[in-house]
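In UniProt numbering, the protein residues as written are 1 to 344.
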Amino acid sequence: MTEEALSVLDSESHVKRLREEEEEKGTLSVDMEVNNGGNAAADLPECISSVIPGWFSEISPLWPGEAHSIKVDKVLFQGKSDYQNVMVFQSSTYGKVLVLDGVIQLTERDECAYQEMITHLPLCSIQNPKKVLVIGGGDGGVLREVARHSSVEKIDICEIDKMVIDVSKQFFPSVAVGFEDPRVTLHVGDGVAFLKAVPKGTYDAIIVDSSDPIGPAQELFEKPFFESLAKALRPGGVMCTQAESIWLHMHIIEDIVANCRQIFKGSVNYAWTSVPTYPSGVIGFMLCATEGPSVDFKHPINPIDADDSHVKTKGPLKFYNSEIHSAAFCLPSFAKVVIDSKAE
Ligand code: SPD
């Protein structure tokens, strides 16, 4: 069987499994069943396919009723680690794509918009970050960005899934290049347990580059984890965590903001960026500082774009600049109302 055929079968069985899960939960459209006499798939008009052959469709209960699709040229890798399904495919328009449990983690074309923002929003907000911890981030992209900061002396990373690291090194060398920096120490293990063992006040900055809060990353969105983060930071230290989409996940964001407000006694702000291949095309970040020297996240005091010493070895920044840093904290009114109300 050709790889193209395999990829179609795989995406069909993935969609079938998710449909079955949705049906079990009763979330699949009732209208379709009624309008089609109970045989929805068979009676769909030709222009609407239940799955587009040769395309990857991203379907999840975290974004019910929609599925972004990307045309697959070739499936390059499929495997099952101890934690999740791992897939890499060559797309027609976004370069290579890394998928974990059916959810896109990065594409070669737009990964810069996420990795640069999740890293430089916190690190450009404090003077001379020296010790940085990355939780998750097994593709190495956040490491690549942290390594642009010449003040940084030590970079620890704790990633649970070795397969993600190996696959990234094999298929995404320009992302995984972050692992080659001599300041990096890799810990393969559970980020929650790792953080609990960190002595109080160890890090200037912690970046949590996780997948969505279903599966191995779920605990990284819960209150005890935020308490461990705060404890591991020095006074006036900063953390930045992936905080989902204002279009899809206001309920998750509300909880994160409320928890962080209680736990972090310094600044607590929400920022966002545009990533076309993430659900709804945007993703947000929760930025928090511990009590201590005050941190104004909205006005970078350590501008990486003013220093070009990193450009020779790592290439130019593609997305981040000081203007987009400040702009990232401007929220649409519907989100501002909710986030500000939780921030009081
Ligand atoms: N909905 C997908 C969110 C993925 C966030 N993490 C991406 C990891 C890239 N380093």
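Yeah, the Cβ is synthetic: ideal placement off N, Cα and C, and Gly gets one too.
Here the structure is a predicted model, which means the values were calculated and not measured.
From the DSSP output, which residues share a beta bridge with residue i?
| i | result |
| --- | --- |
| C330 | The partner list for C330 (beta bridge, DSSP) is empty, contrary to what the question assumes. |
| N85 | K80 |
| V175 | DSSP output for V175 lists no bridge partner at all. |
| V97 | F89, T107 |
| S274 | V282 |
| E291 | DSSP output for E291 lists no bridge partner at all. |
| Y320 | None; Y320 has no bridge partner. |
| N269 | L287 |
| V338 | In the DSSP output, where bridge partners are listed per residue, V338 has none listed. |
| V167 | Paired residue(s): none; V167 is not in a bridge. |
Taking the alpha-carbon positions, what's the residue i to residue j distance?
| i | j | result |
| --- | --- | --- |
| M286 | I253 | 9 Å |
| M239 | N321 | 19 Å |
| S326 | I126 | 14 Å |
| V337 | L98 | 35 Å |
| T93 | V177 | 23 Å |
| C158 | V164 | 12 Å |
| S294 | G236 | 6 Å |
| E67 | S280 | According to the sequence shown, residue 67 is Ala rather than Glu. The straight-line gap from Cα to Cα measures roughly 10 Å. |
| N39 | I52 | Because the pLDDT of N39 is 44, which lies under 50, any placement of that residue in the model is unreliable, and the number read from its coordinates should be weighed accordingly. Going by the C-alpha atoms only, they are around 19 Å apart. |
| residue 370 | V75 | Because the chain in this structure spans residues 1 to 344, residue 370 falls outside the shown range and cannot be described. |
| F172 | R183 | 20 Å |
| A258 | S211 | 21 Å |
| P276 | V86 | 21 Å |
| D340 | T290 | 19 Å |
| D296 | A328 | 13 Å |
| H251 | A230 | 23 Å |
| H310 | D156 | 20 Å |
| D305 | D181 | 20 Å |
| P213 | F221 | 7 Å |
| Q90 | I59 | 19 Å |
| A232 | S57 | 39 Å |
| T185 | I263 | 28 Å |
| G37 | W63 | Confidence in G37 is poor, its pLDDT being 38 and thus under 50, which makes the residue's placement unreliable; the coordinate value appears in the next sentence. Cα to Cα, G37 sits roughly 27 Å from W63. |
| Q105 | K312 | 27 Å |
Quick check on the DSSP output: the beta strand (DSSP E) that includes residue i runs from which residue to which?
| i | result |
| --- | --- |
| D73 | 68-80 |
| C158 | 154-159 |
| E145 | Note, E145: premise wrong, no beta strand (DSSP E); alpha helix (DSSP H) at 141-146. |
| H251 | Element bounds for H251: not the beta strand (DSSP E) but the alpha helix (DSSP H), 250-263. |
| V184 | 184-188 |
| H136 | The identity of residue 136 in the sequence shown is Gly, whereas the question assumes His. Note, G136: beta strand (DSSP E), 131-136. |
| F56 | 55-58 |
| I246 | Here I246 belongs to no beta strand (DSSP E), and DSSP marks it neither H nor E. |
| D209 | 203-209 |
Looking at residue j and residue i, is the spacing between their C-beta atoms short of 8 Å?
| i | j | result |
| --- | --- | --- |
| N269 | K298 | yes |
| Q78 | G215 | no |
| R234 | Y203 | yes |
| W272 | I283 | yes |
| G201 | V175 | no |
| A205 | P122 | yes |
| S81 | D161 | yes |
| K314 | R144 | yes |
| C124 | P332 | no |
| F225 | E219 | yes |
| residue 351 | A147 | No answer is possible for residue 351: it lies beyond the span of the chain, which begins at 1 and ends at 344. |
| V188 | V88 | no |
| K71 | G95 | no |
The alpha helix (DSSP H) with residue i in it runs from where to where?
| i | result |
| --- | --- |
| A230 | 223-232 |
| L195 | 191-196 |
| V311 | 311-314 |
Counting contacts by CB-CB distance shorter than 8 Å, is residue i in contact with chain B?
| i | result |
| --- | --- |
| I301 | In the structure shown, chain B does not exist; there is a single protein chain. |
Report yes or no: do the region 94-109 and the region 121-137 share at least 3 C-beta pairs separated by less than 8 Å? no
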